[in-house]
Amino acid sequence: MNDNTNEKFHTGIETEITSAEKDAVQEAFDAIEPAEGAKARMYANILHKASAESERAQVTTSTQEPEKSLSSPISIASSDAPVTRRRSTKAPLLRVTRWALPMAACLVLLIFGIIKMSGHKPVDIIDTQGGDPTNSAIAAGAQQPAPITGYGSSDALKKATGLYVQAPEGTEEVLYCSVGTDIAEVSFTVNGKQYTLRASKRADDFSGLFGEEINHTVADKENGAVLTALRDEGITYNKIEWKVGDTNYVLMNTDGAGLNGIMNVYKMVK
Amino acid sequence: MPSISANAEFEAFYERHWRYVYRLCFSFMRSEADAEDCAEDVFVKVLTGSYEFADETHERKWLCVTASNLCKDRLGSYGRRNVESLDADDAPEIAAPEEDGDDLEDVREAVLSLPPKLKDVVWMYYYDGYQTDEIATALGRPPSTVRNQLRDARKKLEKALRNNHP
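Residue numbers (our numbering), protein chains in the order written: chain A, -17 to 252; chain B, 7 to 172.
Here it is in C-alpha cells:
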C-alpha cells in the first residue's frame, strides 16, 4: 500500500467513526466502576506486593554476593499475601511455576549479573516488560517513588532504620519494611483486618492517610495518643498517633476495623 | 487520598490513575478480582521500577500499554481466552449501573466481549482519543494493522452501536 492509498484508508476509518459512536464506547468504559473500598484495598496490596518484590530482589542479591549477606536484610518466612480480596482460581499458574520459577530465578541472577557488570539501571529490564516505546522521554521533576525495602524481622528493620516497630504476638501476615530511609513500618492482620504501624522521627504527618477529618479525640491520655477518623468516598479510616521519646508512631486501619478494632490493636502495640 | 502511601509522589500518581488502570484491566479481565490484581501489578511496576515520566500524557500512555500487555499475558497464562469460568464464585462480574439503559448495556457487553487484541486498540482510540498512527507507535504494530483492527472491532460493535444511536 503506497502512502496515498494508506492516507485514504486512514481518513476512511477515522472519519467513518462518528462522535456519537465514540461517546457510546467511552460511556461503556466509563460505566466500569470499581467495587467499594477497591481504592484503599488495592493500595494496601500494592505496598504489600512491592515490599515482597523488594525483599525477593534482596534475597537474590545476597545469594549472588554472599560477602554482603551479613549486612543485608534477610529473607522472611512470614506470609506476605495481599489482604481481604477474593482470589480467582489460578491452577494453571501453579503447574507453570514448577519449571517457570527456577527458570525465572536463573534469569534474575543472570540479569543482576549483567546489570552489575554494565552499570545499567534496573529500568532497562522492566522496560522490556512494560512495553512503552516512548519511555525514553525523561523530564526534569519526573516521578520517583520512594523505595520500599522489605525486612525479615523487626531487628533487621531496626538495624537499617534505627527505628523499632514490632507486630503484636499472634498476628498474621506480618510484613516489615522501610519506606524511604526514615520510616519503619510493619503491617499485620488481626481478626481479618489489616493494620499498619509506622514509626519515624519525622515531625510531619508521615502516615500517608488523607481524607476529610470527621473525628479527632484523645484515645489515651497517658500516652497522649490521638485518634483521628477520616472519610473518603464514603469509607471511614482510622489512625492513632502518639509519641514515645523522640519517635512518633502511627497505627492505621483502612479496611473498616472500626474504633474498637483499632483501639484493641493500639493497646497491643503501644 | 485515604491510603497508606509509599510517598507523596507515588500517592499522587496512584490518585491520578487508579480508576483508569482498573477500568482498563476490567475491560480485559471481566472480573473484579482479576482486574484489581492486574491493576495492582501495574502500580507495583511503577513503585519498584525507576520510571520517569515526562508528563501525565506520558504516564497514561505507559500505563495503558503496560496494563494491556499485562492483562493479555495473564489471559494467555491462564488459558482463559474465550473460555467461560469454571467456578461460579469466579464468574465474570460485570457491574451493571442501575440507571443505565439497555442500549448502553448492549454497547458495554459488546465492548467487553471484544477479543483482547482488538480491545487495546479500541480503548486507545475511543477512550484515550489517540489517532491510529499514535496507537501503532505505542503498540509497535504497523499503522495499517491498527486501522484494520479498528475496522474489525467496529464491525463487531456495529449492532450494539446501531441500537444505541440508530
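Built from N, CA and C at the ideal position, the CB exists for glycine as well.
### Message
Tell me the DSSP secondary structure of A39(A) in three-state form.
### Response
Position 57 of the first sequence, counting from 1, holds the residue named residue 39(A). Helix.
### Query
How would you write the range of the alpha helix (DSSP H) that L124(B) sits in, first residue to last?
Position 118 of the second sequence, counted from the first residue, corresponds to residue 124(B). P122 to V128 is the extent of the alpha helix (DSSP H) around L124(B).
### Message
Could you check whether the Cβ of E195(A) sits closer than 8 Å to any heavy atom belonging to the ligand COA?
### Response
Although the ligand COA was asked about, the structure shown includes no ligands whatsoever.
### Task
Less than 8 Å between the CB atoms is what I'm expecting for E46(B) and K31(A), so what's the real figure, rounded?
For the purposes of this step, residue 46(B) is identified with residue 40 of the second sequence, where counting begins at 1. For the purposes of this step, residue 31(A) is identified with residue 49 of the first sequence, where counting begins at 1. Your pair E46(B) and K31(A) checks out as a contact, with CB atoms roughly 6 Å apart and the cut at 8 Å.
### Message
At a CB distance below 7 Å, what residues from the stretch 152 to 177 of chain A approach chain B? Give them in sequence order.
### Response
Cβ contacts with chain B: V161 and G162.
### Assigned secondary structure, S9(B) (DSSP; H/G/I helix, E/B strand, else coil)
In the second sequence, the residue the question calls residue 9(B) occupies position 3. Note on S9(B): pLDDT 38, under 50, position unreliable in the model; no value is reported.
### Message
Quick check on DSSP: helix, strand or coil for A10(A)?
### Response
Translated into the one-based positions of the first sequence, residue 10(A) becomes position 28. Of the three classes helix, strand and coil, the one that applies to A10(A) here is helix, per DSSP.
### Task
List the whole-angstrom C-beta distance separating A207(A) from I217(A), where the pair is believed to meet the contact cut-off of C-beta under 8 Å.
The residue given as residue 207(A) occupies position 225 in the first sequence. The residue given as residue 217(A) occupies position 235 in the first sequence. With a beta-carbon spacing of about 23 Å, A207(A) and I217(A) fall beyond the 8 Å limit used to define contacts.
### Same chain, Cβ closer than 7 Å to M250(A), five either side skipped, listed in chain order
Here residue 250(A) refers to the residue found at position 268 of the first sequence. Excluding residues within five positions, the ones whose Cβ falls inside 7 Å are P150.
### Query
Below 9 Å between beta carbons: does that hold for G243(A) and Y219(A)?
Within the first sequence, numbered from 1, the residue matching residue 243(A) stands at position 261. Within the first sequence, numbered from 1, the residue matching residue 219(A) stands at position 237. Result no, Cβ atoms of G243(A) and Y219(A) do not sit closer than 9 Å.
### Task
Say whether the stretch 158 to 172 of chain A touches the stretch 4 to 12 of chain A, bearing in mind that this needs 3 or more beta-carbon pairs closer than 8 Å, one atom from each stretch.
The stretch 158 to 172 of chain A, when compared against the stretch 4 to 12 of chain A, does not touch it at the 8 Å Cβ threshold.
#### Entry: chain A within 9 Å of L163(B), Cβ atoms only
The residue you call residue 163(B) lines up with position 157 of the second sequence. By this cut-off, L163(B) is an interface position.
### Task
Please check if any C-beta of chain B sits within less than 9 Å of the C-beta of N27(A).
Against the first sequence, residue 27(A) aligns to sequence position 45. Flagged as an interface residue toward chain B: N27(A), by a C-beta distance shorter than 9 Å.
### Message
Let's see if you can read the secondary structure: which residues bound the alpha helix (DSSP H) around Y26(B)?
### Response
Translated into positions along the second sequence, residue 26(B) becomes position 20. Per DSSP, the unbroken alpha helix (DSSP H) holding Y26(B) starts and ends at A14 to M35.
### Message
I need the straight-line Cα distance from A73(B) to D202(A), nearest angstrom please.
### Response
As a position in the second sequence, residue 73(B) is number 67, starting the count at 1. As a position in the first sequence, residue 202(A) is number 220, starting the count at 1. Each residue's alpha carbon lies about 45 Å from the other.
#### Entry: Three CB pairs or more closer than 8 Å across the stretch 131 to 144 of chain A and the stretch -2 to 6 of chain A
Output reads no: the stretch -2 to 6 of chain A does not touch the stretch 131 to 144 of chain A.
### Message
Any contact between the stretch 38 to 52 of chain B and the stretch 109 to 120 of chain B? By contact I mean 3 or more CB pairs, one from each, below 8 Å.
### Response
Touching, no, given that fewer than three Cβ pairs across the two stretches are closer than 8 Å.
### Query
Cα separation between A239(A) and R157(B)?
Reading the first sequence from its first residue, position 257 is the one you call residue 239(A). Reading the second sequence from its first residue, position 151 is the one you call residue 157(B). Rounded to the nearest angstrom, the two C-alpha atoms are 50 Å apart.
### Residue-chain proximity (D(-2)(A), chain B), Cβ-Cβ < 9 Å
Working through the first sequence from its first residue, we reach residue -2(A) at position 16. The sequence shown places Glu at residue -2(A), rather than the Asp named in the question. Yes, E(-2)(A) lies at the interface with chain B (some Cβ there is under 9 Å from its Cβ).
### chain B residues whose Cβ lies nearer than 7 Å to that of A10(A)
As a first step, residue 10(A) is located in the first sequence; it is residue number 28 there, counting from the start. Those are L110, V113, R114 and V117, listed as they occur along chain B.
#### Entry: Proximity below 9 Å, CB of C44(B) to CB of R80(B)
Here the question's residue 44(B) lines up with position 38 in the second sequence. Here the question's residue 80(B) lines up with position 74 in the second sequence. With a cutoff of 9 Å on beta-carbon distance, C44(B) and R80(B) are scored as near each other.
### Query
Can you give the Cα-Cα distance for V177(A) and A211(A), rounded to whole angstroms?
Counting from one through the first sequence, the residue named residue 177(A) turns up at place 195. Counting from one through the first sequence, the residue named residue 211(A) turns up at place 229. The sequence given here places Tyr at residue 177(A); Val does not occur at that position. Here the alpha carbons of A211(A) and Y177(A) stand approximately 14 Å from one another.
#### Entry: chain B contact residues for V7(A), given Cβ-Cβ distances below 8 Å
On the first sequence, residue 7(A) is found 25 positions in, with the first residue counted as 1. Neighbours of V7(A) across chain B, judged by C-beta separation under 8 Å: V113, V117, V128, Y132, Y133, L163 and L167.
### Query
Listed from N- to C-terminal order along the chain, which residues in the stretch 228 to 248 of chain A have their beta-carbon within a distance smaller than 8 Å of any beta-carbon of chain B?
Those would be M234 and T236, in chain order.
### Query
Taking 9 Å as the CB-CB cut-off, is K183(A) touching chain B?
Counting from one through the first sequence, the residue named residue 183(A) turns up at place 201. It does not: the Cβ of K183(A) has no partner Cβ on chain B nearer than 9 Å.
### Task
Could you name the residues of the same chain whose beta carbon sits closer than 6 Å to that of S1(A), not counting the 5 residues immediately before and after it, in chain order?
Residue numbering aside, residue 1(A) sits at position 19 when the first sequence is read from its first letter. Excluding residues within five positions, none has a Cβ falling inside 6 Å.
### Query
What are the partner residues of T222(A), as DSSP defines its beta bridges?
Along the first sequence, read from residue 1 onward, the residue named residue 222(A) stands at position 240. First, the residue type needs correcting, since residue 222(A) is Ile and not Thr in the sequence shown. The partner list for I222(A) (beta bridge, DSSP) reads L209(A) and L233(A).
### Query
Along chain B, which residues have their Cβ under 7 Å away from the Cβ of I196(A)?
Here residue 196(A) is taken as the residue at index 214 of the first sequence, counted from 1. Proximity of chain B to I196(A) at the Cβ level (cut-off 7 Å) is not reached, the minimal Cβ distance being about 11 Å.
### Query
Under a three-way DSSP split, which group does Y131(B) fall into?
Taking the first residue of the second sequence as 1, we reach residue 131(B) at position 125. When secondary structure is reduced to three states using DSSP, Y131(B) falls in the helix class.
### Task
Kindly indicate which three-state DSSP category E18(A) falls into: helix, strand or coil?
As a position in the first sequence, residue 18(A) is number 36, starting the count at 1. Of the three classes helix, strand and coil, the one that applies to E18(A) here is coil, per DSSP.
### Query
Of all the CB atoms in chain A, is at least one closer than 9 Å to the CB of L124(B)?
If you number the second sequence from 1, residue 124(B) lands on position 118. L124(B) does not count as touching chain A.
#### Entry: Cβ shell of I129(B) (< 8 Å), same chain only, five flanking positions each side left out
As a working mapping, residue 129(B) is identified with position 123 in the second sequence. The sequence as given places Trp at residue 129(B); Ile does not occur at that position. Closer than 8 Å at the Cβ level, and outside the excluded window around W129(B), lie L30, S33, C70 and S74.
### Query
Quick one: does S24(A) have its CB under 9 Å from some CB of chain B?
On the first sequence, residue 24(A) is found 42 positions in, with the first residue counted as 1. According to the sequence provided, residue 24(A) is Met. The question's Ser does not apply to it. Yes, its Cβ sits closer than 9 Å to a Cβ of chain B.
### Query
What distance in whole Å lies between the Cβ atoms of L145(B) and D126(B), which are believed to be in contact at a cut-off of 8 Å?
Taking the second sequence and counting its residues from 1, the one referred to as residue 126(B) is at position 120. Taking the second sequence and counting its residues from 1, the one referred to as residue 145(B) is at position 139. Right, their Cβ atoms sit about 6 Å apart.
#### Entry: Amino acids of chain B, ordered along the chain, whose beta-carbon sits closer than 8 Å to that of S36(A)
If you number the first sequence from 1, residue 36(A) lands on position 54. Near S36(A) (Cβ distances below 8 Å), the residues of chain B are T54.
### Message
Strictly by DSSP, which residues pair up with I(-1)(A)?
### Response
For the purposes of this step, residue -1(A) is taken as the residue at position 17 of the first sequence. Note: I(-1)(A) sits in no beta bridge, so no partner.
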